[in-house]
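According to our numbering, the sequence shown is numbered sequentially starting from 104. Read through the structure below, which is laid out as structure tokens, and then see the notes.
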Amino acid sequence: TQLPVAEIGYRLAFDDPAYFSRRFRAVRGLTPSDYRAQFSG
104 TQLPVAEIGY
114 RLAFDDPAYF
124 SRRFRAVRGL
134 TPSDYRAQFS
144 G
């Protein structure tokens, strides 16, 4: 998706985009932006 990371966080019911990014990194080992860059086609 080309949605901003903050919008993805909001759509997943995170009230704080920074918290979404921290949780994503804790689970995946990468920030959402880094994950997108590494795995985008």
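Built from N, CA and C at the ideal position, the CB exists for glycine as well. The structure displayed is predicted, hence computed values, not measured ones.
Proximity winner among the options, relative to residue i (alpha-carbon distances)
i, options, result
"P120", "Y138, A109, A140", "A109"
Burial state of residue i (16 or more Cβ within 10 Å)
i, result
"P107", "exposed"
"G112", "buried"
Boundaries of the alpha helix (DSSP H) in which residue i is found, first to last residue
i, result
"D137", "135-142"
"F127", "120-131"
"A109", "108-114"
Rounded straight-line distance, which links the Cα of residue j to that of residue i
i, j, result
"T134", "R125", "7 Å"
"R139", "G132", "12 Å"
"Q141", "D118", "26 Å"
"Y122", "T104", "20 Å"
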